Amino acid sequence: DPLDLWAAIYWSMTPNKVPAFIMRDDFFKGPLWDYLPIHPNHLCEMCGNYLISRDEVKLAQLRPILKHLADSGAVGMFPGRTRSRTGAWFEYREDRVNPGSPAFLITITRRRFPGEPITVTPVARTWHPIRKSAAIVFGPALYFSEEADRTVQQAFDDAVLTAIGDLVEIHGLHLVSALLWMHVLHYGETPISTPALRKAITNWIGGSHTHPVHPALIEKPEEEIAPAVDYLARRRFLRWEGDWLYPNAA
């Protein structure tokens, strides 16, 4: 993600700015990394990234980040404990107590450098496992006033996460998987016909969409639907026999 986002952020800004990323200092931890001639953490720092302690952020770690923001720099941040562990689009998690705090970073930067206009621009990268391509979508910048209390700041953090989710580009595998999941939820492993699935997809395509949608899903839906069904069948999520799909809910 950082490599793709680095290029996207750099070329999307006028004038172009080299972005830095905040990363946890224990990401490359363990014997595999410790015996390398150059530790990956040092390489990341040489590339302009900032390391912070995940469980206890130190002020010394924040100072260069604040200075970077005050100098009109761009900083990339991945809100904590919100990335999918499985690659699934939707993932139920019980351990999301605090999503990480872009608002906190903005607040302490404002305290040290009053008057600096700092915003958060949500961005999402969507991987298409069939086409082996990725889409990167930026949303509108988000802002909160300097007088905002902690309640407002927490709501801002949640709004950032919601905005990121709304930028996920829907492709054929997303849509086929979602429709099959709804079918299993209501009817169990009862088979569904491919004409019925195509009709449901056609109805969805003809409606209004709040998410970005892969162009091929709109212009040539069959080129997205058939490969998606085949993809799921090869991974044994369903069995495809003629005009019938047999979901595997196990």
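Heads up: the sequence shown at position 165 corresponds to 165 in the numbering used here, and the numbers run straight through without jumps.
No residue lacks a Cβ here, since even glycine has one placed at the ideal position from N, Cα and C.
Keep in mind the model is a prediction, meaning the values are calculated, not measured.
Can you name the residues that DSSP bridges to Tyr35?
-> Paired residue(s): none; Tyr35 is not in a bridge.
Other residues of its chain near Pro40: CB distance less than 7 Å, five sequence neighbours each side excluded | For Pro40, where only same-chain residues beyond five positions count, the Cβ hits under 7 Å are Phe28 and Trp33.
For Ile205, name the three-state secondary structure that DSSP assigns.
-> If DSSP states are grouped into helix, strand and coil, Ile205 belongs with the helices.
May I ask you to verify whether the segment 226-244 touches the segment 122-132, counting CB pairs closer than 8 Å and requiring at least 3?
-> Touching, yes.
Between the segment 204-218 and the segment 162-171, do three or more beta carbon pairs fall short of 8 Å?
-> As far as the Cβ criterion goes, the segment 204-218 touches the segment 162-171, which means the pair count is three or higher.
DSSP-derived helix/strand/coil call for Val152 = If DSSP states are grouped into helix, strand and coil, Val152 belongs with the helices.
Cα-Cα separation between Ala163 and His183, rounded to whole angstroms = Rounded to the nearest angstrom, the two C-alpha atoms are 28 Å apart.
Hey, would you say Ile38 sits closer than 8 Å to Tyr50, going by beta carbons?
-> Against a cut-off of 8 Å, the Cβ pair of Tyr50 and Ile38 comes out as no contact.
What did DSSP end up calling Glu241 once you bin it into helix, strand or coil?
-> Residue state, collapsed to three classes: strand.
Should the segment 113-125 be regarded as contacting the segment 55-71, the criterion being three or more beta carbon pairs within less than 8 Å?
-> Three or more Cβ pairs closer than 8 Å define a contact, and the segment 113-125 meets that threshold against the segment 55-71.
Pairwise C-alpha distance: Ala8 and Arg198 | Arg198 and Ala8 have their C-alpha atoms roughly 34 Å apart.
Sufficient close CB pairs (3 or more, under 8 Å) joining the segment 13-29 to the segment 139-147 | Using a Cβ-Cβ distance cut-off of 8 Å, the segment 13-29 and the segment 139-147 are not in contact, since fewer than three pairs of beta carbons, one from each stretch, lie closer than that value.
Using the beta-carbon count (16 or more within 10 Å), is Met13 buried or exposed?
-> With a threshold of 16 other beta carbon atoms within 10 Å, Met13 falls short and is exposed.
Should Phe104 and Thr121 be called a contact, given that it needs their Cβ atoms to be closer than 8 Å?
-> In this structure, Thr121 does not lie closer than 8 Å to Phe104 by Cβ.
Tell me whether Gly87 is buried or exposed, calling it buried when 16 or more other Cβ atoms sit within 10 Å of its Cβ.
-> Unreliable positioning characterises Gly87 in this predicted model, as indicated by a pLDDT of 45, which lies under 50. The coordinate reading is nonetheless provided below. Under a 10 Å Cβ-count criterion, Gly87 is classified as exposed, with fewer than 16 other Cβ atoms of the shown protein chains found around its own Cβ.
Alpha carbon to alpha carbon, what distance is there between Arg234 and Met46?
-> Their backbone Cα atoms lie some 43 Å apart in a straight line.
Counting only runs of 3+ residues fully inside the segment 177-235, write out the beta strand (DSSP E) ranges in chain order.
-> Secondary structure within the segment 177-235: not one fully enclosed beta strand (DSSP E) run of 3 or more consecutive residues is present.
Does the Cβ-Cβ distance between Glu189 and Tyr246 come in under 8 Å?
-> In contact: Glu189 and Tyr246 (Cβ atoms closer than 8 Å).
Does the beta-carbon distance from Ile108 to Val123 come in below 8 Å?
-> Cβ distance not < 8 Å, so Ile108 and Val123 don't count as in contact.
Reduced DSSP category for Val18 - H, G, I as helix; E, B as strand; rest coil = Assigned with DSSP and collapsed to three states, Val18 falls in coil, not helix or strand.
With Ser12 as the anchor, note down where its alpha helix (DSSP H) starts and where it stops.
-> Bounds of the alpha helix (DSSP H) holding Ser12 are Pro2 to Ser12.
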